[in-house]
Amino acid sequence: MAKAYLKIDVEPGKEKTVKGALLKIKGVSSAELTAGEQDVIVLVEQKSYEDILKLVVNKVRKVPGIVGTVTNLILD
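The sequence shown: position 74 = 74 (this note's numbering), numbered continuously.
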């Protein structure tokens, strides 16, 4: 199982809406609002790293209110 943390920047005031939308995406295991450099940190799990890429590009980045993402692949 391939896993990654996504660090997500969100338009001001849309954090809770974005979190809710992310949690509805199949493959998103958790989404947490944070006080720090990014607004939301998400754990995603897929069969492969290629599937993670597809999930991020085709689903996550299309959520209204998201302005940027950083993907950190989990190696261990």
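Even for Gly, the Cβ is constructed at its ideal location relative to N, Cα and C.
query                                                                                                                                   : result
Taking all protein chains shown into account, decide if ALA35 is buried (16 or more other Cβ within 10 angstroms of its Cβ) or exposed. : exposed
For GLU32 versus ILE66, is the C-beta distance shorter than 9 angstroms?                                                                : no
According to the Cβ coordinates, are GLU7 and PRO64 closer than 9 angstroms?                                                            : The residue asked about is misnamed: residue 7 is Lys in this sequence, not Glu. Contact: no.
Give me the residue from GLN46, VAL42, LYS26 with the minimum Cα distance to VAL70.                                                     : VAL42
Using only alpha-carbon positions, find the residue among GLN38, LEU53, ILE25 that is nearest to GLY68.                                 : GLN38
GLY20 by DSSP, collapsed to three states: which one?                                                                                    : helix
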